[in-house]
Each structure stands twice: as structure tokens, then as C-alpha cells.
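Each protein sequence line maps, in turn, to chains Y and B. Our numbering puts the first residue of the first sequence at 164, with every later residue one more than the last. Our numbering puts the first residue of the second sequence at 164, with every later residue one more than the last. The beta carbon of each residue, even a glycine, is placed where N, CA and C say it ideally should be. Predicted, not measured: the structure shown is a model, and the values here were computed from it. As C-alpha cells, the structure follows; a few thoughts come after it.
Protein chains: 2
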Amino acid sequence: MTETNRIWTAALIVVGDEILSGRTQDKNIAQIATWLGVQGIRLREVRVVPDVTAAIVEAVNTLRARNDYLFTTGGIGPTHDDITVDAVAEALGVPVVVHPRARAILESHYATRGGLTEARLRMARVPEGADLIENRLSGAPGIRAGNVFLMAGVPSITAQMLDGLTGKLEGGLPLLSHTVGCWVAESEIADLLRETEASFAGVQIGSYPFFREGRTGANFVIRSTDATVLAACARSLGEALATLGREPFDGGI
Amino acid sequence: MTETNRIWTAALIVVGDEILSGRTQDKNIAQIATWLGVQGIRLREVRVVPDVTAAIVEAVNTLRARNDYLFTTGGIGPTHDDITVDAVAEALGVPVVVHPRARAILESHYATRGGLTEARLRMARVPEGADLIENRLSGAPGIRAGNVFLMAGVPSITAQMLDGLTGKLEGGLPLLSHTVGCWVAESEIADLLRETEASFAGVQIGSYPFFREGRTGANFVIRSTDATVLAACARSLGEALATLGREPFDGGI
């Protein structure tokens, strides 16, 4: 049996009071989703949970069991509200230990910045058995514990941690997408969309309406793992829209 | 027994392929979180799920049971990929019916826009027993089915639907917040933060570091339902930072 078409999946837990209050606009979902897509891994579910141990533990145990990979963002800093390491360790049923390499990295990073205090040493704590995801920006590393990847809450640091992981996770065929935009009400061409999707095996078409400059339009996002099928589907939809007098915009509006 | 301090909670389900692919940056989480805060309702959990009926049903049934209110965004339009109404009806164990008032609204809205086609009539479908959340912008109403509120995926339309709900949902005391910003590494003042939080009953302090202009700083977000306690805690933290030679910025950086 070939595994060529195996679909690799991931979930993401955003730890999360700051997002749930509405004060901060999350940036990590889109960033991690895009990065996973390039690795050939599909983000299947995201949960934003409060900074509450039981909520994190429940989400970790549900999502790590049903996905190849689980990412978390937030809660791995030096302050009292950083509880993600402890919660993930609890979910995995292992103790929290100080990782010697993380301690060495932090000692070096803080040598000229006031030294490694007890608070800073908190950032060397990992679930027992975990590996580090090194990060040039802040010194504090991300953590890999089994199939769980603990990332920072600050998007620029998470970007560095993702960079450190690039090419290291096994994935499958990337899900390619092509967007066709059009100044048309999606309700006018609902049948066309359904029929076009049904005519191309393995293709999904999402319809995303918008209102701009007082006009109604929509982007039709076509997805497939097969570049040839994707291009044929996009061409077919574009030609059908043009036939209706609705000139499509290749690449979306 | 007084219910004065009862905490009212909500959850949100974002339906979600477009967010999970990374192509679109979600805007509804922050918008709905902020709106709920003003109503005195706390957003406790968000799930972004794919456009898959079983995934929506599972999330709806878990989250509506453990929160006062459940919101969904996305998947209530006229096209084949709009499956949220059917999924919520399945979760609630009721059939999908055409709502007479929704049909009348759509007939009126589309009277000068090509008429009410079969695709457009899909937007009048609701779980049996549901009420409408009217929306001036697109004609298509949102839906209230028990404690589940179905909103649009397009943020500007969701904003209209929230406007239509303002003041209509029972809530409790709003969770107030005050931000103190400072050019300081959060790790330097971790003990101060913990001790300050412990000194003020019912207060939570979140610490959110950032890097700007080559400097390290953090915003400390203090939350409480009691405005007097909140102000006292903010003053205490600000004075302690000033004593350390780290001048705070009231309102954050």
C-alpha cells in the first residue's frame, strides 16, 4: 500500500486570555496555517482556550490524539501567567524538568542582560523527555514534547521557531489553491459553483463574498492537491463566468 | 442567594476552511469578543473547525452545553459550501425549515436584484423553531436557535447582526481592564507581577512582552470586575515600576 496520498494533519491551541478578551488580534493562526500548508500538513482545527490549566489539558489531550501534530502558542514565558509547559506536562503525564541545553542557552543569552534569574530559569522548564526548538531572537527556545510543539505567543518569535522547524516535519502533498474573483453575487452562480466542483474529482470550491466600492463580488477559492486538475477547474470556472458576461479576475479580487 | 456575581459565558465556532488554510486572517474573533465584553458576557473558548458537518456538530454540542451562549460565524450563505444551518439543526435534533419572515425579507431585498432564486432561498432556511437576527446590509438575516447564534462569515455583516443583538442578551458585570506598559523585560519583574496580583482580590494580571525599535517592553493587562480595585492595582503596579526606575506608561505602550 502506498502512503503517497496520506493526509498529514495538525491542530493548534492558542492560549488565549488576551485573544478571548478581544484586546489582541490573533496573528498566529494565519501564520501557522500558512507555514503548515507549505510543509504539506493541513491545519484541521484551532482552539482558543483561556489561561486555565484544565482547559489547556483537555484541549491538548483531545487534539494530540487525533492529529499528527499539535501546536500551541502562548504561555511559555517567565511570568506567573505562563502555564502552558505545566499544562502540557500534565496532559502527557510526565513531570516538568529543567532542560540542560535550554538552561545553557538562557545563561548565555542573559550573561550580558542581568544574568539568569529564577524567573528567567522558568523558560528552561520542559515536559520530561522534550526537545528544544531553538530561536535566535529571544533566547528562549520553543519545545517539542512528542507530537506537541510549544511556541511563543509573540508572533515574531513564533516565526523564528517555525523557521527552525522548516523541512523537519513529515508531510504529504500540499493542498494547492487558485482564486478566481468576480464582480458577481455568489447567489447568482450557486448552481455553476456546485456543478463545477462536482465535475473535477478531489476539488473543493469555497465561495467568499465581499462588498467593496458599493458593489457585490466574490472570490472563489479552488483547492486540490493536483496542479493540473486545479488549473483545469479554474479555467472552466473562468470561462463559464465570462460566458455569463461576468469577466473573472484570475488570482482573485 | 444573589445572582449579582453570576458569570455569563459564551463560546464561538468559526466555520472555517478559509481561516484554516491561512488565506484569510480572521477578524470575527476579536470583533465578537469585544462585543461580548461590553454585554457583560465572557468569551471562554473559540474553535475554528473545517467546513465539515460532523466537525461542526461536535463543536456545537460540546460548546452549547457548557456556555450560556454559543455563536457561529460563516457558512450561512447561498452556495453549496454553506452547511452551518444544516449542521446546527442536526446538532439540535430538529429539521431545517424555511422561515416565513426570512423568506419575505429576501423576497423584498431581491425584488430589484433579479428575484428570489432557489439558491437565494437557501438563506431563508433555519433550524425549526429558530428566530431571526435581522441585518440591514445584505438582507440575509442571522439566526437564533435556542442559545445558538448563527452569524455571517463576512465581518461587516456580522457587525450588523451584533448591532441588532446589542442589549438583548442577559449578561453580568463586565470584566474591566487597564493596561500598564513599560520598557522592561517581563522576566525582570516576574516576582512583582505575581505579588501584585496576589495583593488584590479577584484581579488577574497578564504579561505580554514585545520588541520594538530594538527594545524590550511589555504590556501588563490588569482585569477585574471592580473598577476601584482595578484602579488601585494599576496605581500600585505603576508606583512599583517607577520605584525600580522603570517609568510606566498608563494605558500601555
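Spatial neighbours of residue i in its chain, beta-carbon cut-off 8 Å, leaving aside the 5 residues before and after
| i | result |
| --- | --- |
| GLY365(B) | SER387, THR388, ASP389, VAL392 |
| MET164(Y) | Confidence at MET164(Y) is low in this model, with a pLDDT of 41, below 50, so its placement is unreliable and the value that follows should be read with caution. So the list is empty, once near-sequence residues are dropped. |
| THR187(Y) | GLU181 |
| THR236(B) | LEU175, ILE176, VAL177, VAL178, ASN191, ILE195, MET314, ALA315, GLY316, THR321 |
| GLN367(B) | GLU360, ILE385, ARG386, SER387 |
| ALA222(B) | ILE176, ARG210, VAL212 |
| PRO411(Y) | VAL343, GLY344, CYS345, LEU400, GLY401, LEU404, ALA405 |
| ARG169(B) | GLY335 |
Residue of the options minimising C-alpha distance to residue i
| i | options | result |
| --- | --- | --- |
| THR359(Y) | GLY330(B), ASP244(B), SER319(B) | ASP244(B) |
| GLU351(Y) | SER271(B), ILE176(B), LEU206(B), GLY278(B) | GLY278(B) |
| VAL201(Y) | PHE373(Y), GLU297(Y), ARG357(Y), LEU339(Y) | LEU339(Y) |
| VAL212(Y) | ARG205(Y), THR247(Y), LEU332(Y) | THR247(Y) |
| GLU291(Y) | TRP198(Y), ARG227(Y), GLU253(Y), GLY369(Y) | GLU253(Y) |
| ARG207(B) | THR197(B), SER271(B), ASP214(B) | THR197(B) |
| GLU349(B) | THR329(B), LEU407(B), ALA381(B), GLU376(B) | ALA381(B) |
| THR126(B) | ARG378(Y), TYR371(Y), THR379(Y), GLY415(Y) | The structure shown does not extend to residue 126(B), since chain B is modelled only from 164 through 416, so no value can be given for it. |
| ARG283(Y) | PHE383(B), ALA353(B), ARG375(B) | ALA353(B) |
| GLY240(B) | ARG285(B), GLY369(B), ASN310(B), ALA173(B) | ARG285(B) |
| TYR232(Y) | GLY185(Y), GLY238(Y), LEU332(Y) | LEU332(Y) |
| GLY238(B) | THR225(B), VAL215(B), GLY414(B), ASN224(B) | VAL215(B) |
Close Cβ partners of residue i (< 6 Å) along its chain, the five nearest in sequence each way excluded
| i | result |
| --- | --- |
| ILE306(B) | VAL289, ALA293, LEU313 |
| ARG409(B) | CYS345, VAL347 |
| HIS157(B) | Outside the modelled stretch of chain B, which goes from 164 to 416, sits residue 157(B), for which no answer is possible. |
| LEU175(B) | ILE195, VAL209, PHE234 |
| ALA287(Y) | VAL261, HIS262, ALA265, ARG266, LEU269 |
| GLY369(Y) | VAL384 |
| LEU199(Y) | ALA173, LEU206 |
Contact set between residue i and chain Y, taken where Cβ atoms lie within less than 7 Å
| i | result |
| --- | --- |
| LEU356(B) | THR242, HIS243 |
Chain B residues whose Cβ lies nearer than 9 Å to that of residue i
| i | result |
| --- | --- |
| ILE306(Y) | Here the premise fails: no neighbours, minimum Cβ distance about 17 Å. |
| ILE368(Y) | THR242, HIS243, ASP244 |
| ARG375(Y) | What ARG375(Y) touches in chain B: nothing, since even the nearest Cβ is about 10 Å away. |
| GLY277(Y) | ALA348, SER350, GLU351 |
| ASP180(Y) | GLN367, GLY369, VAL384, ARG386 |
Close Cβ partners of residue i (< 7 Å) along its chain, the five nearest in sequence each way excluded
| i | result |
| --- | --- |
| GLY203(Y) | TRP171, GLY334, GLY335, LEU336, PRO337 |
| LEU355(Y) | ALA403 |
| ALA218(B) | VAL212 |
| PRO304(Y) | ALA265, ILE268, LEU295, ILE296, GLU297, ASN298 |
| LEU255(B) | PRO290, ALA308, GLY309 |
| VAL257(B) | PRO290, GLU291, GLY292 |
| ILE416(Y) | GLY344, GLY380, ASN382 |
Residues that residue i contacts on chain Y, provided the C-beta gap is smaller than 8 Å
| i | result |
| --- | --- |
| ASP189(B) | ASP189, ILE192, ALA193 |
| SER340(B) | SER184, ARG186 |
Short Cβ contact (9 Å threshold) for residue i with residue j
| i | j | result |
| --- | --- | --- |
| ALA308(B) | VAL251(B) | yes |
| VAL259(Y) | ASP249(Y) | yes |
| SER319(B) | PHE363(B) | no |
| ASN459(B) | ALA193(B) | Limits of chain B in this structure are 164 at one end and 416 at the other, which puts residue 459(B) out of reach. |
| THR189(Y) | ASP189(B) | The displayed chain sequence assigns Asp, not Thr, to residue 189(Y). Going by C-beta atoms, ASP189(Y) is nearer than 9 Å to ASP189(B). |
Beta-carbon neighbours of residue i, restricted to chain B and to distances below 7 Å
| i | result |
| --- | --- |
| LEU206(Y) | LEU183 |
| PRO372(Y) | GLY240, VAL317 |
| ASP417(Y) | Missing from the structure shown is residue 417(Y); chain Y here goes from 164 to 416 and no further. |
Any C-beta of chain A under 9 Å from that of residue i
| i | result |
| --- | --- |
| ARG186(B) | No chain A appears in the structure shown, which is made up of the protein chains Y and B. |
Contacts that residue i makes with chain B (C-beta to C-beta distance below 8 Å)
| i | result |
| --- | --- |
| GLY200(Y) | SER184, GLY185 |
| THR235(Y) | Ordered by position in chain B, no residue passes the 8 Å Cβ test against THR235(Y), which lies about 14 Å from the chain. |
Residue i beta carbon near the ligand ADP (any heavy atom closer than 8 Å)
| i | result |
| --- | --- |
| ALA348(Y) | Judged by which ligands are present, the structure shown has none, so any question about the ligand ADP falls away. |
Exercise for review: Could you name the residues of the region 323-337 of chain Y whose beta carbon sits closer than 7 Å to any beta carbon of chain B, in the order they occur along the chain?
Suggested key: Going along the region 323-337 of chain Y in chain order, one finds no residue with a Cβ nearer than 7 Å to chain B.
Check your understanding: Which residues, taken in chain order from the region 246-273 of chain Y, show a beta carbon closer than 9 Å to some beta carbon of chain B?
Key -> Here the close residues are TYR273.
Point to revise | Contact list for the region 212-224 of chain B against chain Y, Cβ threshold 8 Å | key: Contact annotation: in the region 212-224 of chain B, residues whose CB is within less than 8 Å of a CB in chain Y are VAL212, PRO213, ASP214, ALA218.
Practice item. Closer than 7 Å, Cβ to Cβ, to anything on chain Y: give me those residues from the region 398-411 of chain B, in chain order. Key: Per Cβ criterion, the list is empty.
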